[in-house]
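Asker:
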Amino acid sequence: CQAHSTFVERASACQPSCTEPNADENCDQPDQEACVCDKGFIMSGVECVPVEECGCMFMGQYY
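Quick note: the sequence shown uses UniProt numbering, first residue 1, plus one each step.
1) Determine the direct distance from the alpha carbon of Val46 to that of Pro16, and round the result to whole angstroms.
2) Can you round the beta-carbon distance between Ser12 and Cys27 to whole angstroms, since I take them to be within the 8 Å contact cut?
3) On a CA-only basis, which of Asp24, Glu52, Lys39 is nearest Ala3? Give me that one, please.
4) Just tell me which of Glu53, Pro50, Cys48, Ser44 has its CA closest to the CA of Thr19.
5) Output the boundary residues of the beta strand (DSSP E) element that contains Ser44.
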């Protein structure tokens with residue numbers, strides 16, 4: 001797993017990210033093995049970053 005993440009045997013297939021922070025709430029995919037970001041971190045591209053480092057969405061674009 002990358003920095004600031006942990007391997008989990010039953011993780012949501014829809015991991016929260018900067019562009020979709022609530023992705024795991026309405027996930028219709030089965031759970032799977034995955035590396036998930038540690039508490040206080042969220043996926044941004046291919047790495048886990050502190051939540052406060054996420055950009056923002058404006059008119060469908062991520063900044």
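Virtual Cβ for every residue (Gly too), placed ideally from N, Cα, C.
Predicted model, so just to flag it, every value in this text is computed and none were measured.
Answerer: Working from what's here:
1) Counting from 1 along the sequence shown, the entry for residue 16 is found at position 16. Counting from 1 along the sequence shown, the entry for residue 46 is found at position 46. Pro16 and Val46: Cα-Cα distance of roughly 12 Å.
2) Along the sequence shown, one-based indexing puts residue 12 at 12. Along the sequence shown, one-based indexing puts residue 27 at 27. Rounded, the Cβ-Cβ distance is 5 Å, consistent with contact.
3) Sequence index remark: in the sequence shown, residue 3 carries index 3 (1-based). Per the Cα distances, Lys39.
4) As a first step, residue 19 is located in the sequence shown; it is residue number 19 there, counting from the start. Among Glu53, Pro50, Cys48, Ser44, the Cα nearest to that of Thr19 belongs to Ser44.
5) Here residue 44 refers to the residue found at position 44 when the sequence shown is read from its first residue. Secondary structure note for Ser44: its beta strand (DSSP E) is the uninterrupted segment 41-44.
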